[in-house]
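Chemist: Numbering (my numbering), first residue to last: 7 to 226.
Built from N, CA and C at the ideal position, the CB exists for glycine as well.
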Amino acid sequence: MIKDLITGFKLLKYGYKIKLNLIMILIFMAIGVAVEVVSGGGNVIGGFYFMILGMFAYQMIISMDVSTYVASSPMQRKLQLTIPVITSTVFYMVIYTFLLVEKSVLIHLHPEKEDVYVGTLTMILTFMVATFIFVAVCFKYYWLGFILMMAMVFGSQFLMMNLFMNENGEIAVGFINFPMIAAAGYVIIILGGLLEYSIARLLYRKPLSEYAFRGVFKDA
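1) For residue 191, I'd like the list of residues in its chain whose CB is within less than 8 Å of its CB, leaving aside the five on either flank, ordered along the chain.
2) Starting from the C-beta of residue 75, find all residues in its chain whose C-beta is less than 7 Å away, skip the five residues before and the five after it, and write them out in chain order.
3) So what does DSSP say about residue 7, is it helix, strand or coil?
4) Compute the Euclidean distance between the alpha carbons of residue 207 and residue 161, then round it to the nearest angstrom.
5) Between residue 57 and residue 166, is the Cβ-Cβ spacing less than 8 Å?
6) Residue 204: buried (16+ other C-beta within 10 angstroms of its C-beta) or exposed?
7) Assign residue 113 to one of two classes, buried (16 or more other C-beta atoms within 10 Å of its C-beta) or exposed (fewer than that).
8) Can you tell me whether residue 39 is buried or exposed, with buried defined as 16 or more other CB within 10 angstroms of its CB?
9) For residue 109, count the other beta carbons within 10 Å of its own beta carbon; 16 or more makes it buried, fewer makes it exposed. Which is it?
10) Which whole-angstrom value is the C-beta distance of residue 48 and residue 122, which I expect to be below 8 Å?
11) Considering Cα atoms alone, identify which of 148, 90 and 164 is closest to residue 217.
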């Protein structure tokens, strides 16, 4: 596992259109920071933009599977399964840790809003599960992955807004405290990675989606 993680980090620089991906990462980070600052950490969108950065790590590694050289390599299975899953999952955990530090500071400054920040984290983790499923499916069946993700995102958002929205219009899960969601988040991310791996393994023999890798097949 450690060896696959190290390999994954080394391979990131060889991903397709690495400069474009880095630009996109910076844009997503800028949007995430802007939303967090404007909303005071109470808007789920800011944290979601941060969390999906891990998806870029998965994408950059698996994009190398388009190459005919990689397709004939004994490393192909690892490059489609274990290496991208492990690498992106570690990215998600690092970003989640950053969000926990941010929320803990906000709770220290505004203890009366703890349930709002906990609700935000809960919603972000719900979106994360949708992202794991999307990533596992979309590189083989792009539109199916997209539809599944949208169904989960809007479904969970509708449920949370109807069950846990407070009088200020903020998501607040009062029966879950910060230490509980902090610990549960790491478990959810690990389980999400295992789910992602399981789905990717089921679809392993399916061809990569040309739509998911627009332009990559032409350059391979």
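Modeler: To lay it out plainly:
1) Cβ within range, chain order: 102, 106, 127 and 131.
2) Because the pLDDT at residue 75 is just 47, under 50, the model does not fix this residue reliably, and the point stays unresolved.
3) coil
4) 26 Å
5) no
6) exposed
7) buried
8) exposed
9) With 16 or more Cβ atoms within 10 Å of its Cβ, residue 109 is classed as buried.
10) Residue 122 and residue 48 do touch by the CB rule: their CB atoms are close to 5 Å apart, below 8 Å.
11) 148
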